[in-house]
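Take a look at the structure below.
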Amino acid sequence: MTTPPHLTAAQIKELLRLSTHPMEGGFFRRTYTSELTVELERGQRAAGTAIYYLLEPDTFSEMHMLASDELFHFYLGDPVEMLQLWPDGRSEIVALGPDLAAGQHVQLLVPAGVWQGTRLIGDGKVALLGCTVVPGFDFADYTRGNFAELAEQWPDQAERIRYLTRR
């Protein structure tokens, strides 16, 4: 078995037919929407959804919060750093990537109600992730992070929050 050649971000975007994410940054394509639906107080949602998600050097996943659990899967490329801001006031910095011995994760849960933002680490060129959301993702369940508000609540993470917000 041979290792496939290193793919560039442009090649991955073309092969997987990824487009610009309309809200958080990066590139994505929805690959699955469950036909099963669930009734929630916030409305009807698919039981689950899945996407491909790609980051390259000039992109990042802005600080945002979902009303559903999100499970990340690391597929290939360079490691990424995720900042998580929890409702109890704590923060965590978690790495997704291929180096399990270094503590990187290939699968990571972000529970509903936790702020999250992600970017490539160091000189990384590309990272391909997958995201599974349960109950399924709906743009109505997406809350954008505001730098001033988040930095006030988590001042020890203000510098990282600055790099992961657009407003």
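Residue 356, in the numbering used here, is where the sequence shown stops; the numbers in between run on with no holes.
Yeah, the Cβ is synthetic: ideal placement off N, Cα and C, and Gly gets one too.
Values in this document were obtained by computation on a predicted structure and should not be read as measured data.
Exercise for the section: State the DSSP-derived secondary structure class of A284, mapped to helix, strand or coil. Expected result: Walking along the sequence shown from the start, residue 284 turns up at place 95. Correct three-state label for A284: strand.
Problem - Closest by C-alpha distance to L260, when choosing among G334, P300, K314 - result: Locating residue 260 in the sequence shown gives position 71, counting from the first residue. Answer by Cα proximity: P300.
Handout entry: At least 3 beta-carbon pairs within less than 8 Å: the stretch 238-248 vs the stretch 310-320
Key = The stretch 238-248 makes contact with the stretch 310-320; the number of CB pairs closer than 8 Å reaches 3 or more.
Handout entry: Straight-line Cα distance separating I310 from M190
Key = Residue mapping note: residue 190 aligns to position 1 of the sequence shown, counting from 1. Residue mapping note: residue 310 aligns to position 121 of the sequence shown, counting from 1. Unreliable positioning characterises M190 in this predicted model, as indicated by a pLDDT of 37, which lies under 50. The coordinate reading is nonetheless provided below. Between M190 and I310, the C-alpha separation is close to 29 Å.
Practice task
Could you have a look at F249 and say whether DSSP puts it in helix, strand or coil?
Solution key: Here residue 249 refers to the residue found at position 60 when the sequence shown is read from its first residue. Shown here, F249 sits in coil according to DSSP, grouped into three states, outside any helix or strand.
Practice task
Could you give the DSSP three-state label for L339: helix, strand or coil?
Solution key: Start at 1 with the first residue of the sequence shown, and residue 339 comes out as number 150. Helix, per DSSP.
Exercise for the section: Work out the CA separation of L339 and R206 for me, nearest whole Å. Expected result: In the sequence shown, residue 206 corresponds to position 17, counting from 1. In the sequence shown, residue 339 corresponds to position 150, counting from 1. About 34 Å.
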